[in-house]
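In order, the protein sequence lines correspond to chains G and E.
For what it's worth, the working numbering labels the leading residue of the first sequence as 1, then goes sequentially.
For what it's worth, the working numbering labels the leading residue of the second sequence as 1001, then goes sequentially.
Note that the Cβ used here is the ideal one computed from N, Cα and C, for glycine as well.
So the structure is just underneath, and the comments pick up after that.
There are 2 protein chains.
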Amino acid sequence: MALVVQKYGGTSVGDVERIKNVARRVIASQKKGNDVVVVVSAIGGETDRLLELAHETADSPDEREVDVLISTGEQVSIALLAMALKSMGQDAQSFLGFQIPILTDSAYGKARISHIDSEKILEALKTGKVVVVAGFQGIDGDNSITTLGRGGSDTTAVAIAAALNADVCEIYTDVDGVYTTDPNVCERARKLNRISYEEMMEMASLGAKVLQIRSVAFAMRYNVPIHVRSSFNDQMGTLVCMEDKDMEKVLVSGVTYNIGEAKLTVTQVPDRPGIAAKLFGALADENVMVDMIIQNVSREGYTDVTFTVLKTDTSKAFAAAKKVAAEIKAGDVIIDEDIAKVSIVGTGMRSHWGVASSMFSALAKENINIQMISTSEIRISCVIESKYTELAVRALHDAFQLEKEQLQEEI
Amino acid sequence: MALVVQKYGGTSVGDVERIKNVARRVIASQKKGNDVVVVVSAIGGETDRLLELAHETADSPDEREVDVLISTGEQVSIALLAMALKSMGQDAQSFLGFQIPILTDSAYGKARISHIDSEKILEALKTGKVVVVAGFQGIDGDNSITTLGRGGSDTTAVAIAAALNADVCEIYTDVDGVYTTDPNVCERARKLNRISYEEMMEMASLGAKVLQIRSVAFAMRYNVPIHVRSSFNDQMGTLVCMEDKDMEKVLVSGVTYNIGEAKLTVTQVPDRPGIAAKLFGALADENVMVDMIIQNVSREGYTDVTFTVLKTDTSKAFAAAKKVAAEIKAGDVIIDEDIAKVSIVGTGMRSHWGVASSMFSALAKENINIQMISTSEIRISCVIESKYTELAVRALHDAFQLEKEQLQEEI
Chain G
1 MALVVQKYGG TSVGDVERIK NVARRVIASQ KKGNDVVVVV SAIGGETDRL LELAHETADS
61 PDEREVDVLI STGEQVSIAL LAMALKSMGQ DAQSFLGFQI PILTDSAYGK ARISHIDSEK
121 ILEALKTGKV VVVAGFQGID GDNSITTLGR GGSDTTAVAI AAALNADVCE IYTDVDGVYT
181 TDPNVCERAR KLNRISYEEM MEMASLGAKV LQIRSVAFAM RYNVPIHVRS SFNDQMGTLV
241 CMEDKDMEKV LVSGVTYNIG EAKLTVTQVP DRPGIAAKLF GALADENVMV DMIIQNVSRE
301 GYTDVTFTVL KTDTSKAFAA AKKVAAEIKA GDVIIDEDIA KVSIVGTGMR SHWGVASSMF
361 SALAKENINI QMISTSEIRI SCVIESKYTE LAVRALHDAF QLEKEQLQEE I
Chain E
1001 MALVVQKYGG TSVGDVERIK NVARRVIASQ KKGNDVVVVV SAIGGETDRL LELAHETADS
1061 PDEREVDVLI STGEQVSIAL LAMALKSMGQ DAQSFLGFQI PILTDSAYGK ARISHIDSEK
1121 ILEALKTGKV VVVAGFQGID GDNSITTLGR GGSDTTAVAI AAALNADVCE IYTDVDGVYT
1181 TDPNVCERAR KLNRISYEEM MEMASLGAKV LQIRSVAFAM RYNVPIHVRS SFNDQMGTLV
1241 CMEDKDMEKV LVSGVTYNIG EAKLTVTQVP DRPGIAAKLF GALADENVMV DMIIQNVSRE
1301 GYTDVTFTVL KTDTSKAFAA AKKVAAEIKA GDVIIDEDIA KVSIVGTGMR SHWGVASSMF
1361 SALAKENINI QMISTSEIRI SCVIESKYTE LAVRALHDAF QLEKEQLQEE I
């Protein structure tokens, strides 16, 4: 008998029929002898509807009250799911954030979980109940409702699995699992059976939308195995877990892309200490998140500084950079929004050389020019012209033969 | 400087524009130097929409979970109102039942308030905030969400006014106040400036829908003055308060009618001890609420027993009565749904004679036959054929000259 935490997203609980389907799945797992805790999101689209109401009511709605408002979405879902379970003969009880409680800090809209009390949940499980927990929400030290930010229900599920020392945290979604790349772009994309936490985090931060990055970090810290799978079939999905020896042999696990960023270049920057701090300090003051930063060696006392930001922040970033450029007597600020970031991710890179050059030659073979490069221990990212995005993804997928199981490969 | 509790119903917060209007009203009251606590209902129609969802999900949805579900309606309203207030420059904070807390018993769907802690509210008021409280909801000893039943927000408002020892509880609604009778039936209906708690309770129990009867009982117990007024204009409404000397002089305050009941007669009932207990015990077992009961003296050892029930309970009541009739060897059970109950209410009846006969002659003058009569200390009700309802209401309104202020009258 195992203790299983299951999480169902907004699409899985999209309407009453789907909620009943979820109830049947939960009961099936319970019937296998498992103790089941279910975490649910709001009915698909509900959070957006509520946010729209907030913005109709106030230009910049109070953050505490926004959390009071949008947390109702999950409250509706847990009530309906618990009802469905009980009407099918399975005893169940819903729990809101404050009833467990799930304690968080007071950062409304992006709160972080500080503690989960497992007592009430374990008590309910002991009496044979399925426990239905509202995702996305918690309570702060003042008893105010908080929410965890977009995709926060994943984090709720993982955190509860950690608090309960659950055997697995199953994340049900509308895809079959984690793929080597976006199947819409590359038809040879293959579902991964296993992936390490680190790889999954890199994939998530690079734009793969299957799991919220914070939930993966949480799972890694507490070593909670995550099983990403479809709520519409019974196939095995992808297990996200600790890196093991087999994984180390895999050179590249996936290819991702992100077309949501813009590139800004400040030209003719005087090469003096403190200049970079001034520029990126100004961007931070404007709450602009900077992704990649490139500064090459200077020539004749001047250098160009290039960085990427979210497209939604382009104008804010441009204004800030322009102001600093004038102060430090640099040249123009140039914007380029026609860019894509293409990345390969793999734990095996740590111990293998030559992966970067394989990537660069695969792109070169397709005549794709590389504008920027950045690397981490298990990732290499290249900024290219956006029209080449799909071509680049397919070329890299082919170059690293991701359509095949990779265990045998050694370079 | 006064402490004012204001309650706005579902129509008053029907959409975002109306919520902004409520915010403006609240600010106006605050600007006059009042401390304001606002209790709000769900957006009009929302509770019904949620109940429909529950019944689509389960045939007989679990009562605890129904309360988790429908309490979200008020949660949405308080968040939006608090946002609107803050965006207009008025500091405000929303409170859910569990955050105050408003403690209740565990009778889901019809819980009763056992205690309200005033500390958090007073603290917030002290810092100049408007306090926005979710109506209709509370929390039981297990930290489960409860709701107070239809119109429960009135009760929340009165209970909070009592707990805070507020100067007045203003109930904002879509009518101007309490009228001598239904203005749709009698155009000479007059808005009452004042009415006693007892009269208001009789009126509410007889079908006047302005206030929930439990909220009036609560207000009477704690002597909280209720001001019933319109949320669409600034006119004074009706003050519901303790009976005073002036009120005692008023013979009849209002005329009400109720066409929601049916009349059942069990004929040829053997006149033995225990028969009535058997009949009405059977009805109670079926959860049928019986309103009026008439049993006249018997002739030759037999009598007829007549009673009224809600029309929605007619068939249940008929089946139960039929069964008992067979057991006790009585005659037929006859149903009559074409009835109306017309009532006059007035504190002055206590000390005045002749009111009943004035009522009966007013009906007789219009050739309206009286089928059943029942009285309380401050009320006389007659059951008549339903087609005469409006005629009877107008005749009684005229007979007691309710279009005029009544203070001078003495019979």
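(1) Which one of Asp67(G), Gly89(G), Ile70(G) and Met83(G) has the shortest CA to CA distance from Lys31(G)?
(2) Less than 7 Å between CB atoms is the rule here; does Gln1030(E) satisfy it with respect to chain G?
(3) Give, in chain order, every residue of the region 1130-1148 of chain E whose Cβ lies closer than 7 Å to some Cβ of chain G.
(4) Applying a beta-carbon distance threshold of less than 7 Å, which residues of chain E neighbour Ser94(G)?
(5) Strictly below 7 Å CB to CB, what residues from chain E border Thr72(G)?
(6) Under 8 Å by Cβ, that's how I've got Val4(G) and Asp167(G) pegged, so tell me the actual separation to the nearest angstrom.
(7) Between the region 223-237 of chain G and the region 309-328 of chain G, do three or more beta carbon pairs fall short of 8 Å?
(8) Mark Ile1411(E) as exposed unless 16 or more other C-beta atoms lie within 10 angstroms of its C-beta, in which case mark it buried.
(9) How close, in whole Å, do the beta carbons of Lys7(G) and Ala159(G) come, if the pair is a contact with beta carbons under 8 Å?
(10) State the start and end residues of the unbroken alpha helix (DSSP H) segment that holds Gln75(G).
(11) Would you kindly report the start and end of the unbroken beta strand (DSSP E) that includes Thr375(G)?
(12) Residues in the region 1008-1024 of chain E with C-beta within 8 Å of chain G's C-beta atoms, listed in sequence order?
(13) Which one or two residues does DSSP pair with Ser343(G) in a beta bridge?
(14) Residues of chain G with CB closer than 8 Å to the CB of Ala1058(E), please, in chain order.
(15) Could you tell me the distance, in whole angstroms, from the CA atom of Val13(G) to the CA atom of Glu1056(E)?
(16) Using the Cα positions of Lys404(G) and Ser315(G), report the straight-line distance between them to the nearest angstrom.
(17) Determine whether the Cβ of Leu391(G) lies closer than 7 Å to any Cβ atom of chain E.
(18) Who are the Cβ neighbours of Arg1049(E) in its own chain at under 6 Å, not counting the five residues just before and after it?
(19) Taking a Cβ distance cut-off of 8 Å, strictly less, list which residues of the region 1035-1058 of chain E are near chain G, in chain order.
(20) Verify the CB distance criterion: does Gln1090(E) have a CB-CB separation below 7 Å to chain G?
(21) Can you tell me which of Met1289(E), Val1038(E) and Glu1377(E) puts its alpha carbon nearest to the alpha carbon of His1352(E)?
(22) For Thr1127(E), which of helix, strand or coil comes out of DSSP?
(23) How close, in whole Å, do the beta carbons of Val342(G) and Asp304(G) come, if the pair is a contact with beta carbons under 8 Å?
(24) Measuring CB atoms only, is the region 1353-1367 of chain E touching the region 1280-1299 of chain E, in the sense that at least three cross pairs come out at less than 8 Å?
(25) Can you tell me whether Tyr1197(E) is buried or exposed? The criterion is at least 16 other CB atoms within 10 Å of its CB, across all chains shown.
(26) Where do the N-terminal and C-terminal ends of the alpha helix (DSSP H) with Asp105(G) fall, by residue?
(27) Pull up the distance between the alpha-carbon of Glu409(G) and that of Asp246(G), whole angstroms please.
(28) From Ala1399(E) to Lys1191(E), what does the alpha carbon distance come to, in whole angstroms?
(29) Starting from Gly138(G), trace the alpha helix (DSSP H) in both directions and tell me its first and last residue.
(30) With a 10 Å radius around its C-beta and 16 neighbouring C-beta atoms as the bar for buried, classify Pro1270(E) as buried or exposed.
(31) Report yes if the C-beta distance between Ser386(G) and Ile339(G) is below 7 Å; otherwise report no.
(32) Of all the options Ala189(G), Leu164(G) and Ala162(G), which has the alpha carbon lying nearest to the alpha carbon of Val175(G)?
(33) Roughly how many angstroms separate the alpha carbons of Val66(G) and Glu1052(E), rounded to a whole number?
(34) Any beta carbon of chain G sitting closer than 7 Å to that of Gln1401(E)?
(35) Along the alpha helix (DSSP H) that carries Val1158(E), what are the first and last residues, could you check?
(36) Does the beta carbon of Gln6(G) come closer than 7 Å to any beta carbon on chain E?
Well, looking at it:
(1) What you label residue 31(G) is simply residue 31 of the first sequence in a count that begins at 1. The residue with the shortest Cα to Cα distance from Lys31(G) is Gly89(G).
(2) If you number the second sequence from 1, residue 1030(E) lands on position 30. Not closer than 7 Å to any Cβ of chain G, the Cβ of Gln1030(E) fails to qualify, so no.
(3) Asn1143
(4) Taking the first residue of the first sequence as position 1, residue 94(G) is located at position 94. Chain E residues near Ser94(G): Glu1065 and Val1068.
(5) Locating residue 72(G) in the first sequence gives position 72, where the first residue counts as 1. Ordered by position in chain E, the residues that pass the 7 Å Cβ test against Thr72(G) are Thr1072, Gln1075 and Val1076.
(6) Within the first sequence, residue 4(G) is the residue found at index 4, counting from 1. Within the first sequence, residue 167(G) is the residue found at index 167, counting from 1. Contact flag correct, Cβ pair sits at about 6 Å.
(7) no
(8) Along the second sequence, one-based indexing puts residue 1411(E) at 411. Low per-residue confidence applies at Ile1411(E): pLDDT is 35, beneath 50, and the placement is therefore not dependable enough to give any value.
(9) Position 7 of the first sequence, counting from 1, holds the residue named residue 7(G). Position 159 of the first sequence, counting from 1, holds the residue named residue 159(G). Incorrect: roughly 11 Å between the Cβ atoms, too far for contact.
(10) In the first sequence, the residue the question calls residue 75(G) occupies position 75. From DSSP, the alpha helix (DSSP H) with Gln75(G) extends over Thr72 to Ser87.
(11) Position 375 of the first sequence, counted from the first residue, corresponds to residue 375(G). Segment Met372 to Ser376, the beta strand (DSSP E) holding Thr375(G).
(12) Val1016, Ile1019 and Lys1020
(13) Here residue 343(G) refers to the residue found at position 343 of the first sequence. Bridge partners of Ser343(G): Thr256(G) and Ser381(G).
(14) For the purposes of this step, residue 1058(E) is taken as the residue at position 58 of the second sequence. Simply Met83, Ala84, Lys86 and Ser87.
(15) As a first step, residue 13(G) is located in the first sequence; it is residue number 13 there, counting from the start. As a first step, residue 1056(E) is located in the second sequence; it is residue number 56 there, counting from the start. Cα to Cα, Val13(G) sits roughly 14 Å from Glu1056(E).
(16) Residue numbering aside, residue 404(G) sits at position 404 when the first sequence is read from its first letter. Residue numbering aside, residue 315(G) sits at position 315 when the first sequence is read from its first letter. One C-alpha to the other measures close to 43 Å.
(17) Indexing the first sequence from 1 puts residue 391(G) at position 391. No, its Cβ sits nowhere closer than 7 Å to a Cβ of chain E.
(18) Position 49 of the second sequence, counted from the start, is the residue given in the question as residue 1049(E). For Arg1049(E), where only same-chain residues beyond five positions count, there are no Cβ hits under 6 Å.
(19) Leu1050, Leu1053, Ala1054, Glu1056, Thr1057 and Ala1058
(20) Taking the second sequence and counting its residues from 1, the one referred to as residue 1090(E) is at position 90. Taking Cβ atoms only, chain G never reaches closer than 7 Å to Gln1090(E), which makes this a no.
(21) Counting from 1 along the second sequence, the entry for residue 1352(E) is found at position 352. Here the closest residue by C-alpha is Glu1377(E).
(22) Mapped onto the second sequence, residue 1127(E) falls at position 127. Of the three classes helix, strand and coil, the one that applies to Thr1127(E) here is coil, per DSSP.
(23) By one-based count along the first sequence, residue 342(G) stands at place 342. By one-based count along the first sequence, residue 304(G) stands at place 304. About 22 Å; that fails the 8 Å criterion.
(24) no
(25) Residue numbering aside, residue 1197(E) sits at position 197 when the second sequence is read from its first letter. Answer is buried; the Cβ neighbour count reaches 16.
(26) Position 105 of the first sequence, counted from the first residue, corresponds to residue 105(G). Looking at the DSSP string, Asp105(G) is not in any alpha helix (DSSP H), and its letter there is neither H nor E.
(27) Position 409 of the first sequence, counted from the first residue, corresponds to residue 409(G). Position 246 of the first sequence, counted from the first residue, corresponds to residue 246(G). Note that Glu409(G) scores a pLDDT of 40, beneath 50, so its modelled location is shaky and nothing firm can be said.
(28) As a first step, residue 1399(E) must be located in the second sequence, where it is residue number 399. As a first step, residue 1191(E) must be located in the second sequence, where it is residue number 191. Between Ala1399(E) and Lys1191(E), the C-alpha separation is close to 17 Å.
(29) Looking up residue 138(G) in the first sequence gives position 138. Note, Gly138(G): premise wrong, no alpha helix (DSSP H); beta strand (DSSP E) at Gln137 to Ile139.
(30) Locating residue 1270(E) in the second sequence gives position 270, where the first residue counts as 1. Its Cβ having fewer than 16 others within 10 Å, Pro1270(E) is exposed.
(31) Numbered from 1 along the first sequence, position 386 holds the residue referred to as residue 386(G). Numbered from 1 along the first sequence, position 339 holds the residue referred to as residue 339(G). Result yes, Cβ atoms of Ser386(G) and Ile339(G) sit closer than 7 Å.
(32) Position 175 of the first sequence holds residue 175(G). With distances taken between Cα atoms, Val175(G) lies closest to Ala189(G).
(33) Numbered from its first residue, the first sequence carries residue 66(G) at position 66. Numbered from its first residue, the second sequence carries residue 1052(E) at position 52. In a straight line, the C-alpha of Val66(G) is about 26 Å away from that of Glu1052(E).
(34) Within the second sequence, the letter at position 401 stands for residue 1401(E). It does not: the Cβ of Gln1401(E) has no partner Cβ on chain G nearer than 7 Å.
(35) On the second sequence, residue 1158(E) is found 158 positions in, with the first residue counted as 1. Taken as a continuous stretch (DSSP letters only), the alpha helix (DSSP H) holding Val1158(E) covers Gly1152 to Leu1164.
(36) Here residue 6(G) refers to the residue found at position 6 when the first sequence is read from its first residue. By this cut-off, Gln6(G) is not an interface position.
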